[in-house]
Each structure stands twice: as structure tokens, then as C-alpha cells.
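Here the numbering used here is used: position 98 in the sequence shown is 199, and no number is missing along the way. Just so it is clear, CB atoms sit at the ideal spot from N, CA and C, and this is done for glycine as well. Below: one structure, written as C-alpha cells.
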Amino acid sequence: MLQTVTICFLVLHYRGQTVKGLAFLAGYALVLLVLLSPLTPLAIITLLQASNMPSVVVGKLLQAATNYRNGHTGQLSAITVFLLFGGSLARIFTSIQETRDPLMAGTFVVSSLCNGLIAAQLLFYWNAKAPHKKKKE
């Protein structure tokens, strides 16, 4: 989370929009403060947590569809894919052991399935190469 906020600020800063970047940081900090305070009802937190799952699924399935359509995984890093898959499997176990929250565990199960699909594609397309484009003369 901190990395993403930092990157967003830096993008705005290097575009010459430092004031917008600072406004973004202030707004983000305010939203975070409200969400972490007792002012926010538990139902809102649960709704926000559950709304994360569709974005994970859509993002991974779009990547899987692109890999399938292309017939290769392009420059996808094998180590990154397998670490994501292993990490999501580990998070299932730790979320069950530490939080006993079925929604959180379910999110990691779905994430693991999606990461497993990408990992399986990486293995399936291991030796596939992207076709070379011929230059027109």
C-alpha cells in the first residue's frame, strides 16, 4: 500500500504536478484515517474487503485470456508467477490460523486459483515463442 501511494505521488511529482501529488497524499491519509477509526461501521469494512475479489479475478482472467489468445506468456517472469502462487497459498493458511475470517480466506482461495491458472499457463507455454513480425519492404 505504501509503495503504491509513493509511486502515485512520484508520478505526479515528475509530471510537474507536485501540488496535486501532495493533495493526493493528504486525501489518501484522510481516507485511511477514517477507515481505520472506530467511526467506520464493520459492515462498510466487510463490503470493501469483499469488493476486492472481483478486481483480482478480472485482472487475472484478463491476463490468462491474453496469454491464451497469444499462445505464449510473453515476458512474464516465472519466478514472480510462482512466488505469487506460493504466497497466496500460504496466505490461505495464515488467514485461517490467525483471523478465522472466512471472507479473507475465501479471497485468498480465489486469488490462489487465479494465480494457479497463470502458473499453469506459464508451464504449458514454457517453450512457446512470440512470432516475429516481418518488416515490410
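| task | May I ask you to report which of helix, strand or coil DSSP gives Ser-138? | result | coil
| said: Any contact between the region 142-162 and the region 197-217? By contact I mean 3 or more CB pairs, one from each, below 8 Å. | reply: By the criterion of at least three beta-carbon pairs nearer than 8 Å, the region 142-162 is in contact with the region 197-217.
| request: Would you mind stating whether Thr-174 and Tyr-115 have Cβ atoms separated by less than 8 Å? | output: Using a Cβ distance threshold of 8 Å, Thr-174 and Tyr-115 do not count as a contacting pair.
| Are the Cβ atoms of Leu-111 and Gln-150 separated by less than 8 Å? | No, the pair does not count as a contact, with Cβ atoms beyond the cut-off.
| query | So what's Asn-171 in DSSP terms, helix, strand or just coil? | reply | helix
| message | Quick check: the Cα distance between Val-132 and Thr-141, rounded to an integer number of angstroms? | response | 11 Å
| field | Residue from Ser-196, Gly-117, Gln-104, Val-182 whose Cα sits closest to the Cα of Val-210 | value | Ser-196
| If you draw a straight line from the alpha carbon of Arg-192 to that of Ala-206, how long is it in whole angstroms? | Each residue's CA atom was taken as its position, placing Arg-192 and Ala-206 some 8 Å apart.
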